[in-house]
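Asker: For the sequence shown, the tail end lands on 89 under the working numbering, and the numbers increase by one without skipping.
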Amino acid sequence: MTQEQLLQKLKVIITPYVQNETALQNLSEDTDFIKDLEINSANLVDVVLDVEDEFDVVIENEDMEKMLTVKASLDVIQSKLNEK
6 MTQEQLLQKL KVIITPYVQN ETALQNLSED TDFIKDLEIN SANLVDVVLD
56 VEDEFDVVIE NEDMEKMLTV KASLDVIQSK LNEK
């Protein structure tokens with residue numbers, strides 16, 4: 006799966022939790038889930054659970070703590086997919 010495909014799937018996953026629609030439209034690898042998209046920390050857990058379901062991976066707590074930006078999340082997802 007390409008980085009662009011991963012990004013599109015991630016965008017679909019995070020969309021229901023986003024409070025800042027403008028930031029979502031300008032989504033990039035540098036986008037911060039809390040600062041830019043205004044996703045609260047409780048919803049970040051939901052995002053991680055949705056990622057696990059979508060990609061059929063298990064994300065450990067230490068990886069979850071890293072998933073604060075789009076790039077960090079894509080890196081974690083890609084590494085989990087590579088382990089499969």
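C-beta: ideal position from N, C-alpha, C; glycine also.
1) May I have a chain-ordered list of the alpha helix (DSSP H) segments no shorter than 4 residues that lie completely inside the stretch 50-83?
2) Would you check if the distance between the CB atom of I44 and the CB atom of V56 is smaller than 9 Å?
3) Assuming T74 and D37 form a contact by the criterion Cβ under 8 Å, report the distance between their Cβ atoms to the nearest whole angstrom.
4) To the nearest angstrom, report how far apart V17 and E67 are at their CA atoms.
5) Sorted by chain position, which residues of the same chain lie with C-beta nearer than 6 Å to V62's C-beta, five sequence neighbours on each side aside?
Answerer: So, from the listed chains and residues:
1) Secondary structure in the stretch 50-83: the alpha helix (DSSP H) runs of 4 residues or longer, each lying completely within the stretch, are 66-71 in chain order.
2) Contact flag unset, no.
3) The Cβ separation is near 5 Å, so the contact holds.
4) Distance from the CA of V17 to the CA of E67, rounded to the nearest whole angstrom, comes to 24 Å.
5) Within the same chain, V62 has close Cβ partners K85.
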